[in-house]
Every structure is written in structure tokens, then in C-alpha cells.
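**Student:** Residue numbering for the sequence shown is 90 to 209, as defined by our numbering. Idealized CB from N, CA, C, for every residue including glycine.
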Amino acid sequence: MNMKPDQELRINQRVDFEASIDVQSEDTFFTGFTRNISNGGLFLVTGSAPPVGSKVVVRFQVPNMPEPIVAEAAVCWVRPYRIDTPDVQPGMGVEFRSLPDLAIKAIDAFILKNDTLFYE
Numbered sequence: 090m091n092m093k094p095d096q097e098l099r100i101n102q103r104v105d106f107e108a109s110i111d112v113q114s115e116d117t118f119f120t121g122f123t124r125n126i127s128n129g130g131l132f133l134v135t136g137s138a139p140p141v142g143s144k145v146v147v148r149f150q151v152p153n154m155p156e157p158i159v160a161e162a163a164v165c166w167v168r169p170y171r172i173d174t175p176d177v178q179p180g181m182g183v184e185f186r187s188l189p190d191l192a193i194k195a196i197d198a199f200i201l202k203n204d205t206l207f208y209e
């Protein structure tokens, strides 16, 4: 799905979630930080995102899960750094393509324990 970062098309509840995350694309590996998560995907702060549509593998830790989550995902949108909006973090939104059942349960439990983010 190709969408703009200001389009609100999410159907899953999401919450603030700051954690280190490893991302591997076909030709790149980098570590960054998440800003929010749902069981549908997450936002990753980065200044150098792969192009929209890129397939990536993400690896991150949810507080209530003993092992890191490793999931296939796709880059849905990219927000580049803009000098006219320096307070807005650059990054990318990724949508999970395969998420183990245990990971879905752990993310859902994490969301239930935290305040859901709402945007107009």
C-alpha cells in the first residue's frame, strides 16, 4: 500500500513505543529507534529509509516478551527530514507482513497496558 505519512488509514490501535530496532533490507542493515507500534506495524525514526515498497526484516524487543520479535515487513511510507519542520522526526512507517502469534499477543498486551495514540 502506497500512502502519504499524513494520511490516517490505520485500523489498529497504536501506542508510544521507544525501543532499539534492527532493520535489514535487501542491501542494507541498520539500527534505529521506534516511536510507536500497533499489531499492524510501527514507526521507525531514521534519516535513511529504504524506498516505499521495500521488503525488510525487523528485530525488536517488546517489554512483556522474553525473546526479540523478528518479523517480515514492508516500507509503507517515508518521511524525509525537512529543514522547514525540524521538530518532525524523519523516518518510515512499516507494515508487518508476517508476525508470529506469540508476537501479536505480546504487542496486544503491551497496547492494553499503555495509552492509545489518537490523531486528528
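Round the Cβ separation of Ala-211 and Val-183 to the nearest angstrom and send it over; I've been treating them as touching at under 8 Å.
**Tutor:** In the structure displayed, the chain extends from 90 to 209; residue 211 sits before or after that span and is not available.
**Student:** For Asn-153, collect the residues of the same chain with a Cβ closer than 7 Å to its Cβ; drop the 5 residues on either side in sequence, then sort them by chain order.
**Tutor:** Here residue 153 refers to the residue found at position 64 when the sequence shown is read from its first residue. Contacts found: Ala-195, Ala-198 and Phe-199.
**Student:** Output needed for Pro-179: all residues of its chain with C-beta closer than 6 Å, excluding positions within five of it in sequence on either side, in chain order.
**Tutor:** Working through the sequence shown from its first residue, we reach residue 179 at position 90. Around Pro-179: Gly-136, Arg-168, Pro-169 and Tyr-170.
**Student:** In angstroms with no decimal places, state the Cα-to-Cα distance between Ser-109 and Ile-126.
**Tutor:** Along the sequence shown, one-based indexing puts residue 109 at 20. Along the sequence shown, one-based indexing puts residue 126 at 37. When only Cα atoms are considered, Ser-109 and Ile-126 end up about 13 Å apart.
**Student:** My parser needs the beta strand (DSSP E) runs of 3 or more residues fully inside the stretch 157 to 181; what are they?
**Tutor:** You should have 158 to 168.
**Student:** For Ile-232 versus Asn-128, is the C-beta distance shorter than 9 Å?
**Tutor:** Because the chain here runs from 90 to 209, residue 232 falls outside it and cannot be looked at.
**Student:** For Lys-194, report the span of its alpha helix (DSSP H) as first-last.
**Tutor:** Taking the first residue of the sequence shown as position 1, residue 194 is located at position 105. Counting along the chain, the alpha helix (DSSP H) containing Lys-194 begins and ends at 190 to 201.
**Student:** Straight-line CA distance for Asp-116 to Pro-140?
**Tutor:** Position 27 of the sequence shown, counting from 1, holds the residue named residue 116. Position 51 of the sequence shown, counting from 1, holds the residue named residue 140. Taking the straight line from one Cα to the other gives about 12 Å.
**Student:** Can you tell which of Leu-131, Ser-187, Pro-175 and Phe-149 has its C-alpha closest to the C-alpha of Cys-165?
**Tutor:** Here residue 165 corresponds to residue number 76 of the sequence shown, with the count starting at 1. Here the closest residue by C-alpha is Leu-131.
**Student:** Could you give the distance in angstroms between the alpha-carbon of Gln-113 and the alpha-carbon of Pro-157?
**Tutor:** Working through the sequence shown from its first residue, we reach residue 113 at position 24. Working through the sequence shown from its first residue, we reach residue 157 at position 68. The straight-line gap from Cα to Cα measures roughly 15 Å.
**Student:** I'd like the list of long-range same chain contacts for Ser-143, defined as Cβ closer than 6 Å, with 5 residues on each side in sequence excluded.
**Tutor:** Start at 1 with the first residue of the sequence shown, and residue 143 comes out as number 54. The residues are Ser-114 and Val-164.
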